[in-house]
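S.K.: Be aware that the sequence shown starts at 801, since it is given in this note's numbering, and climbs by one per residue. For reference, the structure I am asking about is given below.
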Amino acid sequence: MTDKPVAIVLGGTLPHVHLIELLKERGYYTVLLDYTPNPPAKQYADEHLQISTLDIEAVEEVSKARKAELVISTNVDQANVTCCYVSEKLGLTGPYSYETALNVTDKQRMKRIMWDNDIPTSRYIQVGSVNDVSDLDMKYPLMIKPADSNSANGVKRVYNESELRKCLPEALKFSRNGKAIVEEYVAGKEISAYGVVVGGRANLIMHQERMSVYDGEDKVIKCYASLAPSRIPDTVEILAEQLLTKIATVFDLDNTPLFFQGIVAGNNISVIEFAPRVGGGISFRTIKDATGYDIISAGVDSFLKIPISIDSWHPMVEKYAVNQIYGSSGIYRNTSGGEALLHNGIIKTLSFYKHEGDVIDSSRASSSRIGVMVVKDRTDTGLRKKISEAFSQLDVFDINGKSIIRRDLNLDLLWDSTNIDN
Ligand SMILES: Nc1ncnc2c1ncn2[C@@H]1O[C@H](COP(=O)(O)OP(=O)(O)O)[C@@H](O)[C@H]1O
Ligand SMILES: [Mg+2]
């Protein structure tokens, strides 16, 4: 038992390590809920309970029993829904209503509201079974997505009806509500635009270009790098900020971090999806290093209904490349070369997702990601040189000592490609 106010944190992800640190600074006793035994944030929390963040009733029960003052998740979509539900039920503060949380996490709801309110997004249909896709009046290629999944699980690009019928069951299987979206593919440059909404208006904090390939026989989408700032004209940057404001207005969002993923084609942006929370992966860290802005702290303010400030933000000076390190299929053993790269200042940070003995399955994007390394420099030339050096010195081995690093998925080699090419 504790005298401090209790904060229940949903999900022990890496960004939530920082969230827990911030909550402790603000005087909270932190109880982490995560169904896995050893999540990255476990050792930072005051307590860890092995409860699924998707188990709404269990989360409500613990929050009640512990007299929680805050039920929070700043970086995980589905956990956010649970937070909003429990906070509303127990009369605690939260960033927005449960209804809004559903509108912004269920792709069917999100697409419908965007489409009805002239937020530019590609044509789509809602699908509940393979029978819904005969003779579609849509232009191939099409994207298939589970309605409420993430991390590109079950997301596929298809070129004709027979491929569509073949891939749809998997997307439906990945979806928890058994539904899927089929939408027109948009060719162009993919960006993520990160902002915070203050007084009904969005402030663009950072934008990143997101590079992916459709890899291997199964054409699995693998995002191999993000480059900040993205290579877009000023006019598109202004448009990105306007779009964030429009999304906030239409979806009734205020005093919250907000980001969207979209495709830039010429001077237009087509929105793929958005989320009124802090972005996933290590984007919070890149934003902090590049602009001085602590977006997770803004997320805490949002949950507490404290007005978010952007005073600590400054424009970017250097360019950042976040490079995902992929491996071919096998059993992971170890990585070499990382220490020297860090020591020589060629890379700025290096984190691993895998432990010895983990299975790497190249047909699944998240399974084949070994780690991530960040490189920064003032110029493109300098950035590319460092990326090239990093990939030549770094190696990843399987249990038989065979090198399994994917050096081909490397931003220096693929500098001029966009998703039009692959
Ligand atoms: N309409 C589209 N046009 C082009 N690429 C798309 C489209 N929809 C999705 N993608 C690609 O698929 C990825 C995953 O899709 P997304 O809708 O973001 O699903 P998730 O929730 O799994 O992140 C995107 O980051 C993008 O690369
Ligand atoms: Mg996405």
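Backbone N, C-alpha and C fix where the C-beta goes; we use that ideal spot for every residue, glycine too.
Nearest to A901 by alpha carbon, out of Y1126, I1110, T882 and L832?
M.R.: Within the sequence shown, residue 901 is the residue found at index 101, counting from 1. Nearest option by C-alpha distance: T882.
S.K.: Just to be sure I understand the criterion: a residue counts if its Cβ is closer than 6 Å to at least one heavy atom of ligand 2. Which residues meet that?
M.R.: Q1061 and E1073
S.K.: Examine the Cβ distances between the segment 1161-1180 and the segment 1143-1153 and report whether three or more of them are shorter than 8 Å.
M.R.: Short answer: they touch.
S.K.: So is K867 buried or exposed if we call it buried at 16+ other beta carbons inside 10 Å?
M.R.: Numbered from its first residue, the sequence shown carries residue 867 at position 67. The residue in question, K867, is exposed, as its Cβ has fewer than 16 Cβ neighbours within 10 Å.
S.K.: When you compare the CB positions of S1227 and S1217, do they come within less than 8 Å of one another, or not?
M.R.: The structure shown does not extend to residue 1227, since the chain is modelled only from 801 through 1222, so no value can be given for it.
S.K.: Let me know the secondary structure DSSP gives I913 once reduced to three states.
M.R.: The sequence position of residue 913 within the sequence shown is 113, counting from 1. Secondary structure of I913 (DSSP, three-state): helix.
S.K.: Would the beta-carbon of S1030 fall within 8 Å of that of H1007?
M.R.: As a position in the sequence shown, residue 1030 is number 230, starting the count at 1. As a position in the sequence shown, residue 1007 is number 207, starting the count at 1. Taking 8 Å as the Cβ cut-off, S1030 and H1007 qualify as a contacting pair.
S.K.: From the DSSP output, in three-state form, read off I1160 for me.
M.R.: Counting from one through the sequence shown, the residue named residue 1160 turns up at place 360. Three-state result, I1160: strand.
S.K.: What's the gap between the Cα of R1207 and the Cα of T1135?
M.R.: Here residue 1207 corresponds to residue number 407 of the sequence shown, with the count starting at 1. Here residue 1135 corresponds to residue number 335 of the sequence shown, with the count starting at 1. Answer to the nearest angstrom: the Cα atoms are 13 Å apart.
S.K.: Would you check whether ligand 1 has a heavy atom nearer than 7 Å to the C-beta of V862?
M.R.: Counted from its first residue, the sequence shown places residue 862 at position 62. Result no, Cβ not under 7 Å from ligand 1.
S.K.: What does DSSP give as the partner residue(s) for C883 in the beta ladder?
M.R.: As a position in the sequence shown, residue 883 is number 83, starting the count at 1. Its beta-bridge partners do not exist; DSSP assigns none.
S.K.: Exposed or buried, N838, counting other C-beta atoms within 10 Å across all chains shown (16 or more means buried)?
M.R.: Here the question's residue 838 lines up with position 38 in the sequence shown. Exposed: under 16 other Cβ atoms inside 10 Å.
S.K.: Using a Cβ distance threshold of 8 Å, determine whether the segment 965-977 contacts the segment 913-925, with at least three qualifying pairs required.
M.R.: no
S.K.: Let me know if Q1042 comes out buried or exposed under the rule of 16 or more other beta-carbons within 10 Å of its beta-carbon.
M.R.: Taking the sequence shown and counting its residues from 1, the one referred to as residue 1042 is at position 242. Exposed.
S.K.: Could you tell me which residues DSSP puts in a beta bridge with R1010?
M.R.: In the sequence shown, counting from the first residue as 1, residue 1010 sits at position 210. DSSP lists S1026 as partners of R1010.
S.K.: So, are the CB atoms of P1057 and I1110 less than 8 Å apart?
M.R.: Counted from its first residue, the sequence shown places residue 1057 at position 257. Counted from its first residue, the sequence shown places residue 1110 at position 310. It is not a contact, given that the beta carbons lie outside the stated cut-off.
S.K.: Less than 8 Å between the C-beta atoms of G988 and T1049, yes or no?
M.R.: Residue numbering aside, residue 988 sits at position 188 when the sequence shown is read from its first letter. Residue numbering aside, residue 1049 sits at position 249 when the sequence shown is read from its first letter. Against a cut-off of 8 Å, the Cβ pair of T1049 and G988 comes out as no contact.
S.K.: Apart from the five residues on each side of it in sequence, which residues of its chain come closer than 6 Å, Cβ to Cβ, to P895?
M.R.: As a working note, residue 895 is residue 95 in the sequence shown. Same-chain partners within the cutoff: T1056, S1102 and F1103.
S.K.: From the DSSP output, read off the bridge partner residues of E757.
M.R.: One cannot answer for residue 757 here, as it falls past the ends of the chain, which runs 801 to 1222.
S.K.: What residue does the beta strand (DSSP E) around D1195 start on, and which one ends it?
M.R.: In the sequence shown, the residue the question calls residue 1195 occupies position 395. Taken as a continuous stretch (DSSP letters only), the beta strand (DSSP E) holding D1195 covers D1195 to D1198.
S.K.: Does ligand 1 have a heavy atom nearer than 7 Å to the CB of I1021?
M.R.: Here residue 1021 refers to the residue found at position 221 of the sequence shown. Short note on I1021: C-beta closer than 7 Å to some heavy atom of ligand 1.
S.K.: Just to confirm my understanding: we take F1060, look at its own chain, exclude 5 residues before and 5 after, and list those with CB closer than 6 Å. What are they?
M.R.: For the purposes of this step, residue 1060 is identified with residue 260 of the sequence shown, where counting begins at 1. Correct list, in chain order: A993, V1071 and F1074.
S.K.: What are the start and end residues of each continuous beta strand (DSSP E) run of 3 or more residues lying completely inside the segment 1011-1089, in chain order?
M.R.: 1020-1028, 1056-1065 and 1068-1075
S.K.: Ordered along the chain, which non-local residues of its own chain (more than five positions away) have a Cβ less than 8 Å from that of T1035?
M.R.: In the sequence shown, counting from the first residue as 1, residue 1035 sits at position 235. Same-chain partners within the cutoff: N1067.
S.K.: Excluding five sequence neighbours on each side, which residues of the same chain lie with their C-beta closer than 6 Å to the C-beta of M943?
M.R.: Position 143 of the sequence shown, counting from 1, holds the residue named residue 943. Here the set comprises R957, E983 and Y985.
S.K.: Beta carbon of W1113, beta carbon of I1005: below 8 Å?
M.R.: As a working mapping, residue 1113 is identified with position 313 in the sequence shown. As a working mapping, residue 1005 is identified with position 205 in the sequence shown. In this structure, I1005 lies closer than 8 Å to W1113 by Cβ.
S.K.: Is N950 near ligand 1, judged by its Cβ being under 7 Å from some heavy atom?
M.R.: Counted from its first residue, the sequence shown places residue 950 at position 150. Answer for N950: yes, Cβ within range of ligand 1.
S.K.: Identify, in the order they occur along the chain, each residue of the same chain with its Cβ nearer than 7 Å to the Cβ of G1138, setting aside the five sequence neighbours on each side.
M.R.: Locating residue 1138 in the sequence shown gives position 338, counting from the first residue. Result list for G1138: L1150 and L1194, in chain order.
S.K.: Could you check whether the Cβ of R826 sits closer than 7 Å to any heavy atom belonging to ligand 1?
M.R.: On the sequence shown, position 26 is the one that residue 826 refers to. R826 Cβ: outside cutoff for every heavy atom of ligand 1.
S.K.: Contact defined as beta carbons within less than 8 Å: I believe L823 pairs with A841. What is the distance between those atoms, to the nearest angstrom?
M.R.: As a working mapping, residue 823 is identified with position 23 in the sequence shown. As a working mapping, residue 841 is identified with position 41 in the sequence shown. Not really, about 11 Å apart at Cβ, beyond 8 Å.
S.K.: Would you call the CB atoms of V862 and L890 closer than 8 Å?
M.R.: For the purposes of this step, residue 862 is identified with residue 62 of the sequence shown, where counting begins at 1. For the purposes of this step, residue 890 is identified with residue 90 of the sequence shown, where counting begins at 1. At least 8 Å separates the beta-carbon of V862 from that of L890.
S.K.: So what does DSSP say about G954, is it helix, strand or coil?
M.R.: Numbered from its first residue, the sequence shown carries residue 954 at position 154. Looking at G954 - three-state DSSP - the assignment turns out to be coil, as it is neither helix nor strand.
S.K.: Can you grab the Cα-Cα spacing for the pair I1106 / N960, in whole Å?
M.R.: The residue labelled residue 1106 in the question sits at position 306 within the sequence shown. The residue labelled residue 960 in the question sits at position 160 within the sequence shown. Taking the straight line joining both Cα atoms gives about 50 Å.
S.K.: Going by the C-beta, is M914 closer than 7 Å to any heavy atom of ligand 1?
M.R.: In the sequence shown, counting from the first residue as 1, residue 914 sits at position 114. The answer is no for M914.
S.K.: Could you check how far apart the C-beta atoms of T1086 and V1122 are, in whole angstroms? I think they sit under 8 Å.
M.R.: Position 286 of the sequence shown, counting from 1, holds the residue named residue 1086. Position 322 of the sequence shown, counting from 1, holds the residue named residue 1122. Rounded, the Cβ-Cβ distance is 6 Å, consistent with contact.
S.K.: Return helix, strand or coil for R866, following the three-state DSSP convention.
M.R.: Your numbering for residue 866 matches position 66 in the sequence shown. Here R866 sits in coil by DSSP.
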